[in-house]
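Report on the structure given below.
Here it is in C-alpha cells:
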C-alpha cells in the first residue's frame, strides 16, 4: 500500500485579486458577508475535539455521507472514464468543517479511483486533495486526522493534501483546474442573513407564523448564493468535471412557510424565548438574531441549476433526515431514553451553531440555551410529520 504524501499546504485565500477585492464581492457587491448581522462572520463549526466540538458531534453528517456514497462512487467512476483516466486529478471538499468526516469522503473518492485504474490496467494517478472551508474553520483539528486518512487510503500513487481557506461563494481555484468537487451539509448555509427580515422578529428562522415576505427573502438569498456557487465552480472545473452536493432541504409542501414543531431552528427559537422569559437574555437581542440558512425543495434546486446553465443534472435524490432519535413508538420508550435523544440533538445543533450564537449573545448563555433545547427536543421526540430531508445532487460540467 502506498503512503499518502504528508505535505500539508495551508494556502492563502485564492479568491483575493490583486486589487484587494474578492470575486465574491465582485459578483455580490458586499463589503462584508453581512454588516447588519456581524455575527455571520463567525460562521464555522465548533472547533477542537472536546465534548461540544463538531468533531465529536458529527455522527449525523457521517450517516449522511454513507447515504450519499452510491452517488459519490458512481460519479467518481464516471468522470475517470469520461476523461480517459487522467494522470493528475484535483479533488475538492467544499465546506469540509473539522475532524475526520472530510477524510471519509476523500478516502472513498481516492480508493474508488485507484480500484478503477487497477481494474482497467492504468497507471495510478497523482491526486491533489483540497480541503476548503471558511478561514474561521479549525483546520488544525482536521489535519490531526491525517493518520486516520492514511489508514483508510489504499493508494499506490501520490496523494497531496492541502487546506484552502475561503468562501465557496468566491473563486477558490485556477480556471479549468478542478476535476471533481464534493460538498456535504454546507450549501444550506447562506453568505449573509437576507435583507428585509425586520418585520418578523418572533423566530430565528421561517415558521408557519412568518410573513410570506420572509420566505421570499430567504429564497432570494439562496438563489443568489447557489447561483454564485455554480458560476464560480463552472469557471474552475474542466469540461465534463463533476460535483456531488448534499445539503439540508425540505419536502415539497403547498405551504412554503411550514416548518414542523421539531424543526431544529424552531426548537432553538423556543429555547431563546425561554431565556427571555427568565430575564437571562433581552427580547431585542433575540429579535436581532437570524440564521443564515435555507432549506430548499428539490424543485427549487433543480430550477436554479437549469437557470444558471453551466451544469447538467446527473442525479437528484431525497434522503430521510434523522438527528438520531429513535423511530420506536413513544409508548415503548423510557423517559431516560427520550431525554438522551433530546440531548444528542442539542449537542448536534450546538456543534454547528455555537460560534454564531456566542458571537451575538456571548458565551455565558450557551449551556443554559442548549439545556432548554434538549428539553424541547425530548418533548417533540414523537413528531412524525417531519419536513426536513437531505438533498443529494450530482452535476456534470457542460
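In my numbering, the protein residues as written are 1035 to 1432. Even for Gly, the Cβ is constructed at its ideal location relative to N, Cα and C. For clarity, every value in this text was computed on a predicted model and none was experimentally measured.
If distances are taken between C-alpha atoms only, which option among the options comes closest to residue i?
i: residue 1314; options: 1191, 1403, 1218 and 1144; result: 1403
i: residue 1088; options: 1101, 1288 and 1385; result: 1385
i: residue 1336; options: 1183, 1326 and 1352; result: 1352
i: residue 1159; options: 1135, 1350, 1213 and 1176; result: 1213
i: residue 1381; options: 1074, 1079, 1328 and 1075; result: 1079
i: residue 1076; options: 1096, 1093 and 1325; result: 1325
i: residue 1226; options: 1327, 1420 and 1236; result: 1327
i: residue 1237; options: 1250, 1323, 1257 and 1157; result: 1323
i: residue 1103; options: 1142, 1130 and 1092; result: 1142
i: residue 1211; options: 1301, 1331 and 1266; result: 1266
i: residue 1374; options: 1157, 1147 and 1412; result: 1412
i: residue 1130; options: 1276, 1270, 1250 and 1201; result: 1201
i: residue 1192; options: 1123, 1230, 1182 and 1255; result: 1123
i: residue 1228; options: 1241, 1246, 1216 and 1250; result: 1250
Going along the chain, which residues of its own chain have a beta-carbon closer than 6 Å to the beta-carbon of residue i, five neighbours each way excluded?
i: residue 1268; result: 1344
i: residue 1383; result: 1298
i: residue 1406; result: 1305 and 1308
i: residue 1428; result: 1105, 1109, 1278, 1348 and 1349
i: residue 1125; result: 1143, 1163 and 1214
i: residue 1186; result: 1141
Roughly how many whole angstroms lie between the Cα atoms of residue i and residue j?
i: residue 1163; j: residue 1194; result: 6 Å
i: residue 1152; j: residue 1178; result: 30 Å
i: residue 1030; j: residue 1432; result: Given a span of 1035 to 1432 for the chain in the structure shown, any question on residue 1030 remains unanswerable.
i: residue 1206; j: residue 1355; result: 30 Å
i: residue 1127; j: residue 1209; result: 17 Å
i: residue 1085; j: residue 1401; result: 12 Å
i: residue 1408; j: residue 1388; result: 15 Å
i: residue 1274; j: residue 1321; result: 46 Å
i: residue 1082; j: residue 1175; result: 6 Å
i: residue 1414; j: residue 1316; result: 26 Å
i: residue 1377; j: residue 1410; result: 10 Å
i: residue 1263; j: residue 1395; result: 30 Å
i: residue 1188; j: residue 1312; result: 55 Å
i: residue 1139; j: residue 1155; result: 24 Å
i: residue 1390; j: residue 1150; result: 42 Å
i: residue 1300; j: residue 1107; result: 35 Å
i: residue 1426; j: residue 1398; result: 37 Å
i: residue 1270; j: residue 1204; result: 11 Å
i: residue 1137; j: residue 1090; result: 15 Å
i: residue 1239; j: residue 1135; result: 27 Å
i: residue 1111; j: residue 1161; result: 14 Å
i: residue 1272; j: residue 1146; result: 20 Å
i: residue 1254; j: residue 1231; result: 12 Å
i: residue 1100; j: residue 1216; result: 14 Å
i: residue 1157; j: residue 1184; result: 20 Å
i: residue 1420; j: residue 1256; result: 22 Å
i: residue 1258; j: residue 1252; result: 10 Å
i: residue 1318; j: residue 1247; result: 21 Å
i: residue 1341; j: residue 1070; result: 30 Å
i: residue 1092; j: residue 1117; result: 34 Å
i: residue 1303; j: residue 1181; result: 40 Å
i: residue 1295; j: residue 1096; result: 25 Å
i: residue 1074; j: residue 1310; result: 22 Å
Once you ignore the five residues that flank residue i on each side, which residues in its own chain have a CB closer than 8 Å to its CB?
i: residue 1173; result: 1044, 1132, 1165, 1167, 1197 and 1199
i: residue 975; result: Any question about residue 975 goes unanswered here, given that the chain covers just 1035 to 1432.
i: residue 1120; result: 1114, 1159 and 1213
i: residue 1242; result: 1289, 1291, 1292 and 1293
Identify the residues that DSSP records as bridge partners of residue i: which are they?
i: residue 1353; result: 1424
i: residue 1437; result: Nothing about residue 1437 can be read from this structure; the chain reaches only from 1035 to 1432.
i: residue 1123; result: 1161
i: residue 1199; result: 1167
i: residue 1279; result: 1217 and 1427
i: residue 1346; result: 1430
i: residue 1266; result: Residue 1266 pairs with nothing; no bridge assigned.
i: residue 1284; result: 1422
i: residue 1271; result: 1212
i: residue 1128; result: 1166
i: residue 1327; result: 1223
Whose C-beta lies closer than 7 Å to the C-beta of residue i among residues of the same chain, with five residues either side of it excluded?
i: residue 1098; result: 1218, 1219, 1280 and 1424
i: residue 1260; result: 1221 and 1338
i: residue 1329; result: 1222, 1282, 1283, 1284 and 1422
i: residue 1430; result: 1274, 1276, 1345, 1346 and 1348
i: residue 1331; result: 1283, 1284 and 1286
* To do: Answer yes if the segment 1220-1234 comes into contact with the segment 1269-1285, meaning at least three C-beta pairs across the two stretches below 8 Å, and no otherwise.
  => yes
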